[in-house]
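This report refers to the structure that appears directly beneath it.
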Ligand SMILES: Nc1ncnc2c1ncn2[C@@H]1O[C@H](COP(=O)(O)OP(=O)(O)O)[C@@H](O)[C@H]1O
Ligand SMILES: [Mg+2]
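Chains as they are written, first to last, in the numbering used here: chain A, 4 to 250; chain B, 2 to 255.
Written as structure tokens, this is what we have:
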């Protein structure tokens, strides 16, 4: 469904992605783990065409998109929805207008249909009666959920999550992880989740990738990963296992 | 030095990008009027006050130089003409650079570092069309309103100080304004005002739009906007004075 071939991304002299190869299957939940600054967000932004790779190819459903113009990217952005690391809500717009923003631009829906889609999207993230609030009136956790609603309101086939639970309390964290699982199974979307949360990855991922310094150092199912001999992967795992041992 | 040249080049490219979007795509008039209103209201008080004091200062300066020649009758005309031609546009551009320029670059910069600009693109919109263009046009149009306001108040300031400081009555102050303030000086003022506004608008939107590096990056963008606009406006002042002079000579044949 999605394929990266030899993807290279540089910022000045700094090479952030070093010839990354990866293919993502239709309908799977793929987790990408890795320390901060290894280029996980950069990878997602390249996929969405927000940044252009310096070399390599990006294939989405049989199309090579890396050289697409902004206009050509429109249908790709309809197909793939990115939930940003920060809520990235528009401060001057209400929750309703934030969620309607993408629907108004990507579709020709009537006001009535938009109304329905917004309510449905908010329902999916377990929020209601906040349509007329402004982002600044919501807690950070709620803002992140509204941001999620804004992306899923477009019913994308591929959902990309950039650290959906970082900085959230444990209750909201597990609610959002549950939500990712529900969405993937109910809407049959393909999901790529960038995360630090190994526990959650082991629970809901079909496959897990561990990245370090711009390359993939381990890839496999949760069961396979538990047997990994790569030291960084072991570090990630031991953290989870220790915590569980303590409880 | 290379840095400055490459920055200038990028600003020029950004300017043509804005113009390109303006030509190809529609612009929401509601968004634009909102911005015009915001920019004008934001700066009206400061610009008006500054205009008043410039008129006052001009009057004092001219009085001190002219009273020995007994030429105080021309005070109003000379002070007003200098304000329109030179000091007014320059002052208003500086005012706008400090207020609107800093505000706009901080606003766009914050939207950039909080990923709102990327979000707009993902949601199928063009941030140049929906964010940059309305602000760009609003700054250019508002600066004309503000210029008018500033000049009006500078005349008030001049009249007041003419009465109090120079002993020139307000009829006398106003009498020679029409004879000395010529069409060329008004045109020069308007032309300058336009050029300064475009310079300011493109630099502050560029700096905001290309911000990187979190909250610190936003601070840096604001500083770069302030320095960049002030320096470029002074240079633009020199170039436009020269151009205006050459053009007027050619047109009027003097
Ligand atoms: N727009 C940019 N300009 C310059 N450097 C960037 C930019 N975006 C990301 N980087 C750099 O690329 C590296 C990877 O960033 P990122 O993908 O955000 O890391 P993470 O894996 O934590 O998401 C970081 O060192 C960051 O400084
Ligand atoms: Mg990141």
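Just so it is clear, CB atoms sit at the ideal spot from N, CA and C, and this is done for glycine as well.
Measuring only from the beta carbon, is residue i closer than 7 angstroms to any heavy atom that is part of ligand 2?
i              : result
residue 24(B)  : no
residue 166(A) : yes
residue 88(A)  : yes
Please classify residue i: does DSSP put it in a helix, a strand, or coil?
i              : result
residue 58(A)  : strand
residue 1(A)   : Here chain A comprises residues numbered 4 to 250, so residue 1(A) is not present and cannot be evaluated.
residue 214(A) : strand
residue 113(A) : coil
residue 6(A)   : strand
residue 169(B) : coil
residue 64(A)  : coil
residue 158(A) : coil
residue 85(B)  : helix
residue 14(A)  : strand
residue 166(A) : coil
residue 19(A)  : strand
residue 223(A) : strand
residue 123(A) : helix
residue 90(B)  : helix
residue 90(A)  : coil
residue 53(A)  : coil
Using 7 angstroms as the cut-off, classify the Cβ of residue i as near or not near the heavy atoms of ligand 1, replying yes or no.
i              : result
residue 43(A)  : yes
residue 213(B) : yes
residue 19(A)  : yes
residue 40(A)  : yes
residue 14(A)  : yes
residue 37(A)  : yes
Out of the options, which has the shortest C-alpha to C-alpha gap to residue i?
i              : options                           : result
residue 164(A) : 129(A), 229(A), 152(A) and 172(A) : 152(A)
residue 74(B)  : 213(B), 171(B), 198(B) and 235(B) : 171(B)
residue 130(A) : 232(A), 10(A) and 102(A)          : 102(A)
residue 230(B) : 184(B), 129(B), 190(B) and 91(B)  : 91(B)
residue 216(B) : 193(B), 168(B) and 111(B)         : 111(B)
residue 208(A) : 133(A), 184(A) and 190(A)         : 184(A)
residue 23(B)  : 136(B), 98(B), 235(B) and 118(B)  : 136(B)
residue 37(B)  : 145(B), 159(B) and 86(B)          : 145(B)
residue 234(A) : 97(A), 202(A) and 220(A)          : 220(A)
residue 226(A) : 120(A), 201(A) and 6(A)           : 201(A)
residue 206(A) : 24(A), 240(A) and 14(A)           : 240(A)
residue 59(A)  : 250(A), 24(A) and 124(A)          : 24(A)
residue 137(A) : 35(A), 96(A), 248(A) and 212(A)   : 96(A)
residue 173(B) : 188(B), 185(B), 189(B) and 156(B) : 156(B)
residue 161(A) : 21(A), 51(A) and 44(A)            : 51(A)
residue 190(B) : 69(B), 81(B) and 12(B)            : 81(B)
residue 25(B)  : 139(B), 43(B) and 129(B)          : 129(B)
residue 210(A) : 73(A), 169(A) and 194(A)          : 194(A)
Looking at the unbroken beta strand (DSSP E) that takes in residue i, where does it start and where does it end?
i              : result
residue 43(B)  : Premise fails: residue 43(B) lies in the alpha helix (DSSP H), 30–67, not in any beta strand (DSSP E).
residue 193(A) : 193–198
residue 32(A)  : 32–37
residue 86(A)  : 83–86
Could one say the Cβ of residue i lies closer than 8 angstroms to chain D's Cβ atoms, at least one of them?
i              : result
residue 218(B) : You won't find chain D in this structure, because its protein chains are A and B.
From what residue to what residue does the alpha helix (DSSP H) around residue i run?
i              : result
residue 19(B)  : 3–25
residue 218(B) : 215–253
residue 244(A) : 234–249
residue 189(A) : 173–189
residue 134(A) : Residue 134(A) -> no alpha helix (DSSP H), and no H or E assigned at all.
residue 71(A)  : From DSSP, residue 71(A) is part of no alpha helix (DSSP H); its letter is neither H nor E.
residue 111(B) : 103–114
residue 140(A) : Element bounds for residue 140(A): n/a, residue is neither H nor E.
residue 117(B) : 117–123
residue 206(A) : 201–207
residue 156(B) : 134–162
residue 209(B) : 184–210
residue 178(B) : 178–181
residue 96(A)  : Here residue 96(A) belongs to no alpha helix (DSSP H), and DSSP marks it neither H nor E.
Determine, using beta-carbon pairs with one atom in the region 26–36 of chain B and one in the region 208–225 of chain B, whether at least three such pairs fall under 8 angstroms.
-> Here the region 26–36 of chain B makes no contact with the region 208–225 of chain B; the two share fewer than three CB pairs at distances below 8 angstroms.
Meets three-Cβ-pair contact criterion under 8 angstroms: the region 198–210 of chain B and the region 113–133 of chain B = yes
Are the region 10–17 of chain B and the region 115–127 of chain B touching, with three or more C-beta to C-beta distances below 8 angstroms?
-> no
The region 87–102 of chain B in contact with the region 228–247 of chain B per 3-pair CB rule at 8 angstroms = yes
How about the region 168–181 of chain A and the region 136–148 of chain A: do they share at least three Cβ pairs that are nearer than 8 angstroms?
-> These segments touch.
Is the region 148–158 of chain B touching the region 39–54 of chain B, taking contact as three or more C-beta pairs under 8 angstroms?
-> yes
Pairing CB atoms from the region 245–252 of chain B with CB atoms from the region 174–181 of chain B, are three or more of them under 8 angstroms?
-> no
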